[in-house]
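Have a look at the structure below, then the notes.
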Amino acid sequence: MKTILTKTFLAYIRDKRTTLIVFLSPITFMLILGFIIAGISGGTHQVSVKISVFLSRRYEPLKNFLKSEGKTSGLNFIFVNNVSELKKYVNDGKSQMGISLNSSSMLFIYNQSFGQYNNYLRLIEKSIYHSFKKFIAGVPTYISIEPVSVQRGVNVTVISFIVPGAMAIALMTACVISLALALSNYRANGSLRLLKVTPLSEGMFVFSISLHRLVAAVLSSILTLFSAEWIFSSVYNVHWITFLIIVSTSMLLSLGMGAILSTAFRNVGTTMNFTTVSLTVMMLFSNVFYPFSIMPAYMKFIAYLMPITYFTSCLRFTLGISQMYLGEFIKINVFFATAGLILIYASGKIIFHLERR
Amino acid sequence: MKSVWKFFTVHLLSDARNKRALFWSLLFPVILLVILVAVFSNLGTTSSINFKVILINEASKSVRGTDYAKLVVNAFRNISYPHKNAFFETELLNTKDVEKAVKEIRYSKADVIVVIPKDFNKAVMRSIFLQKLGLSFVKAKLKVLYLPNSASSRLACDAVESSINEINERVFSPKDRVVDFSLKSETLGETMKSPTYADFVTPGITVIGAFTTALFLIAPKMAFMRQRGVIKKYFSTPASALALFSAFGFSKLFLMMCQYFLVGSISIALGSCVHIFSLASIIYYIFICVVFTLIGLDIAFFSSTTTSVTALTSVVNLPMEFLAGVYFPLFNLPWYMNVLVKVNPLWYATNAMRQFMGVGLSPSSMSMNMLVPALWGGFSALFILAMNMLKGEWT
């Protein structure tokens, strides 16, 4: 046991590629994703949409109404002097949407390069239109809403809410690729065939390779978290014990997934291709980028099957930015750990069994 | 010329036998396109929205006149599932369950809570009465509890506000006061009428496809040839370096062109109307393929082994793809991220391909769309020549 752990550890630390994947790629990936998603959310501190507005002289008094509406609804209105300036704002991405108001119509201006994000903007179009219409018509408002924000955990900014999702994707990707690559390499260069003739237990071999990667991934997650806190000026109320538990169990599951993927193909390249596609599917179908409430039913169903979805929820819980029932947290961790161990053990058995042929 | 043709057929046959080559050059872009269209086509459309709203009616029953609280409850029911065009899933809870409802919000099981307060009916009646007398009045307020940092909760709060505005307008507005105010919309840079998501994403996928082919096929293959001394062996023959590299490049360009038409055809089968046969888009695509091939060769000459090529390409690939604006729009980025976007050749290539394929106008100028990738190509070529001068592999 000690010998195999030492040997695999030495092989691991000599492997610069794995070190690069496990330590550097999560930080890079988390930073890029963090900034992109924060940008879509309208800022790093609050969910908001920047809207540039041009009001014809007749409607200039509307400015104050819009300012007060914006404060409560998360809309940030920027007033411009003419329609061409308004279009320039939208075109340059300085605002996500433009509104031009003249005597008979209200024109909403979008930017085609924002693609599907325009769907999100069209959701608030109707709300703005009705508010304007009502104000202009002088319709008395008998019923209004009083938004009350519910605090949960620490006072979080948008970016601090996004970071756990980006972290989850980055760490899981690094772990799956790292073990899939290592096992496929052992398989391709004939090491497994040689090990087959030794009294070494199959499960123990795969477990020893996984163990180093698990420790490295946990260290990498702490490093990624500190980097996020430093770069995004976020302050988390980290509950270290639960944080380390969820990172360890989900990394165990990721390693298990990497191990089982490596058994599917003999060639390293094919394994990497399949791993890349599987991770892309997992990443896009998770709820990290878009909330459940705007997903079509089939996508919601797939998102609920993705481990990233649960890993992200647990991470948010351990970082003190959202709440979760303790029973749910325990269930997820037990499932992750059990599934991970089973996958690692099973892939050890399978991969050595395949060498017999 | 004969040696170029021979090398070309050799590399092409070698790629045809190589599953990895076929995967990255033909299959991967198609899989990516299909996944993206499946994921994002219906995202955020009215049919896919479903906000979970908890409604708590604390209002005491109206003894005389209209029960406005009930009117609000019914209005919410009418825009909730299973009604047609609904976007709420409303759950009506008892007044005792406020704590439970707040817990649901905190634990992300619901998006917003709408509380109709005890004196709601009285407040509405008082406002109507005072307004009719021409006196100032205080609006009756519905409490909407939401999570400020959750996009879903924020959107649900806006949707509730919009619904309340509609109730105000429909129920309380005298007909003569409703203004006929038309709603219009315009999409800047739109050249195709109502482009679908498949239209929008296809030009980006062609760019990403060419880039991944360069990173995951060209770079490792050239690194392999260097590592195993294949290049040195080639140069012991009368074949020139130019013949070898041009044939190698042409064979990959051939694969990239097959990829372009395959992605375009699949996209059209998915309902897209992109102009894949536009001459401008084909010429520009060849140009970026040459640039990406040079970048791939750069990586191969920079790294000493195929293993380090794999590591380097894995680290380079995703950041460049995400900063190309193919998957997500890029705005509100800090200046240093904007710098990365503005030097990313994939961003310019995606913009240009969208314009050439007739999807929309490029947000960056066409001269920049040519210049930045050309600079990348130029520097890559210089780097390869410099590496050769240092290591003397071709001589």
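Chain order of the listed sequences is A and B. When you line the first sequence up against the working numbering, it's residues 3 to 359, in that order. When you line the second sequence up against the working numbering, it's residues 20 to 414, in that order. All residues carry an ideal CB built from backbone N, CA and C; glycine is no exception.
Please classify S308(B) as buried or exposed, where buried requires at least 16 other C-beta atoms within 10 Å of its C-beta. Translated into positions along the second sequence, residue 308(B) becomes position 289. The amino acid occupying residue 308(B) in the given sequence is Cys; Ser does not appear at that position. Sixteen is the threshold: when 16 or more other Cβ atoms of the shown chains lie within 10 Å of the Cβ of C308(B), as they do, the residue is buried.
Below 7 angstroms between beta carbons: does that hold for K160(B) and S146(A)? Stepping through the second sequence from its first residue, residue 160(B) is reached at position 141. Stepping through the first sequence from its first residue, residue 146(A) is reached at position 144. Yes. Within cutoff.
Return the CA-CA distance between I39(A) and L46(B), expressed in angstroms with no decimal places. For the purposes of this step, residue 39(A) is taken as the residue at position 37 of the first sequence. For the purposes of this step, residue 46(B) is taken as the residue at position 27 of the second sequence. Cα-Cα distance, rounded: 28 angstroms.
According to DSSP, residues forming a beta bridge with M99(A): Taking the first sequence and counting its residues from 1, one reaches residue 99(A) at position 97. Paired residues: I53(A).
Could you work out which residues of chain B lie near G322(A), taking near to mean beta carbons separated by less than 7 angstroms? Taking the first residue of the first sequence as position 1, residue 322(A) is located at position 320. Within chain B, no C-beta atom comes nearer than 7 angstroms to that of G322(A); the closest sits roughly 12 angstroms away.
Assuming G192(A) contacts K351(A) under a Cβ cut-off of 8 angstroms, what Cβ separation, rounded to an integer in Å, is found between them? Here the question's residue 192(A) lines up with position 190 in the first sequence. Here the question's residue 351(A) lines up with position 349 in the first sequence. The pair is not a contact, with the Cβ atoms about 19 angstroms apart (cut-off 8 angstroms).
Can at least three beta-carbon pairs, one atom from the stretch 181 to 200 of chain A and one from the stretch 229 to 243 of chain A, be found at a separation below 8 angstroms? Contact between the stretch 181 to 200 of chain A and the stretch 229 to 243 of chain A is absent: fewer than 3 CB-CB pairs across the two stretches fall below 8 angstroms.
Cβ neighbour criterion (16 or more within 10 Å) applied to E340(B): Sequence index remark: in the second sequence, residue 340(B) carries index 321 (1-based). Buried, because 16 or more other Cβ atoms sit within 10 Å of the Cβ of E340(B).
The beta strand (DSSP E) enclosing L234(B), as first and last residue numbers: To locate residue 234(B), count along the second sequence from 1; it is residue 215. Element bounds for L234(B): n/a, residue is neither H nor E.
Using alpha carbons as the reference points, say which of V362(B), F254(B) and D218(B) lies closest to G396(B). The residue you call residue 396(B) lines up with position 377 of the second sequence. The closest CA to that of G396(B), considering only V362(B), F254(B) and D218(B), is found on V362(B).
Along chain A, in chain order, which residues have C-beta atoms closer than 7 angstroms to that of K240(B)? Reading the second sequence from its first residue, position 221 is the one you call residue 240(B). The contacting residues do not exist; K240(B) stays about 11 angstroms from chain A at best.
Is the CB of R96(B) under 7 angstroms away from at least one CB in chain A? Working through the second sequence from its first residue, we reach residue 96(B) at position 77. Not one chain A Cβ lies under 7 angstroms of R96(B).
Grab me the residues of F245(A)'s own chain with a C-beta within less than 6 angstroms of its C-beta, minus the 5 sequence neighbours each way, in chain order. Within the first sequence, numbered from 1, the residue matching residue 245(A) stands at position 243. Same-chain partners within the cutoff: T320.
Could you tell me whether the Cβ atoms of A266(A) and N289(A) are closer together than 7 angstroms? Here residue 266(A) refers to the residue found at position 264 of the first sequence. Here residue 289(A) refers to the residue found at position 287 of the first sequence. Cβ distance not < 7 angstroms, so A266(A) and N289(A) don't count as in contact.
Check the C-beta distance from I34(A) over to P338(B) and give it rounded, since I have them as a contact under 8 angstroms. In the first sequence, the residue the question calls residue 34(A) occupies position 32. In the second sequence, the residue the question calls residue 338(B) occupies position 319. The beta carbons of I34(A) and P338(B) sit about 5 angstroms from each other, so the pair counts as a contact at 8 angstroms.
Could one say the Cβ of N388(A) lies closer than 7 angstroms to chain B's Cβ atoms, at least one of them? Past the edges of chain A, shown from 3 to 359, lies residue 388(A), and the structure says nothing about it.
Chain A beta carbons: is any one of them nearer than 7 angstroms to that of L277(B)? Looking up residue 277(B) in the second sequence gives position 258. Looking at the sequence provided, one finds Cys at residue 277(B) rather than Leu. No - not a single Cβ of chain A is within 7 angstroms of the one on C277(B).
If you draw a straight line from the alpha carbon of L317(A) to that of L74(B), how long is it in whole angstroms? Counted from its first residue, the first sequence places residue 317(A) at position 315. Counted from its first residue, the second sequence places residue 74(B) at position 55. Taking the straight line joining both Cα atoms gives about 30 angstroms.
Is the stretch 212 to 232 of chain B touching the stretch 271 to 282 of chain B in the sense that three or more CB pairs, one from each, lie closer than 8 angstroms? The stretch 271 to 282 of chain B makes contact with the stretch 212 to 232 of chain B: 3 or more CB pairs, one atom from each, lie closer than 8 angstroms.
Between the stretch 362 to 374 of chain B and the stretch 383 to 396 of chain B, do three or more beta carbon pairs fall short of 8 angstroms? Contact check between the stretch 362 to 374 of chain B and the stretch 383 to 396 of chain B: three or more CB pairs, one atom from each, fall below 8 angstroms, which counts as touching.
Minimum C-alpha distance to A219(A) - residue among L26(A), G140(A) and T8(A): Mapped onto the first sequence, residue 219(A) falls at position 217. Considering only alpha carbons, the answer is L26(A).
If you check the beta carbons only, do S181(B) and K135(A) fall under 7 angstroms apart? In the second sequence, the residue the question calls residue 181(B) occupies position 162. In the first sequence, the residue the question calls residue 135(A) occupies position 133. No, the pair does not count as a contact, with Cβ atoms beyond the cut-off.
Here's the rule: buried if 16 or more other CB atoms are within 10 angstroms of the residue's CB, otherwise exposed. What is D218(B)? Locating residue 218(B) in the second sequence gives position 199, where the first residue counts as 1. D218(B) should be labelled buried.
Excluding sequence positions up to five away, which residues of its chain have a Cβ less than 7 angstroms from the Cβ of V190(B)? In the second sequence, the residue the question calls residue 190(B) occupies position 171. Excluding residues within five positions, the ones whose Cβ falls inside 7 angstroms are L90.
Neighbour flag for M356(B) against chain A, beta carbons, 7 angstroms: To locate residue 356(B), count along the second sequence from 1; it is residue 337. The beta-carbon of M356(B) is placed less than 7 angstroms from the nearest beta-carbon of chain A.
Any C-beta of chain B sitting closer than 7 angstroms to the C-beta of K360(A)? Chain A is shown from 3 up to 359; residue 360(A) falls before or after that span and cannot be answered.
With 7 angstroms as the threshold, decide whether the Cβ of L286(A) is near any Cβ in chain B. Sequence index remark: in the first sequence, residue 286(A) carries index 284 (1-based). Yes, L286(A) counts as interfacial toward chain B.
Per-residue DSSP class, three states only, for Y347(A): In the first sequence, residue 347(A) corresponds to position 345, counting from 1. The answer is helix: DSSP assigns Y347(A) an H, G or I state.
From the DSSP secondary-structure annotation, give me the bridge partner or partners of S201(B). Counting from 1 along the second sequence, the entry for residue 201(B) is found at position 182. Looking at the DSSP output, S201(B) shares a beta bridge with S107(A).
Compare the Cα-Cα distances from E209(B) to each of L125(A), S212(A), N120(A) and S256(A) and report the closest residue. Counted from its first residue, the second sequence places residue 209(B) at position 190. Ranked by Cα distance from E209(B), the first of L125(A), S212(A), N120(A) and S256(A) is N120(A).
Under 8 angstroms from the C-beta of V143(B): neighbouring residues of chain A: Walking along the second sequence from the start, residue 143(B) turns up at place 124. Simply Y144 and I145.
Contact under 7 angstroms by Cβ, E205(B) with I111(A): Within the second sequence, numbered from 1, the residue matching residue 205(B) stands at position 186. Within the first sequence, numbered from 1, the residue matching residue 111(A) stands at position 109. Taking 7 angstroms as the Cβ cut-off, E205(B) and I111(A) qualify as a contacting pair.
Is the Cβ of H132(A) closer than 7 angstroms to any Cβ of chain B? Position 130 of the first sequence, counting from 1, holds the residue named residue 132(A). Yes, its Cβ sits closer than 7 angstroms to a Cβ of chain B.
Member of I124(B), V121(B), N69(B) and Q150(B) whose CA lies at the smallest distance from the CA of H102(B): Sequence index remark: in the second sequence, residue 102(B) carries index 83 (1-based). Closest by alpha carbon: N69(B).
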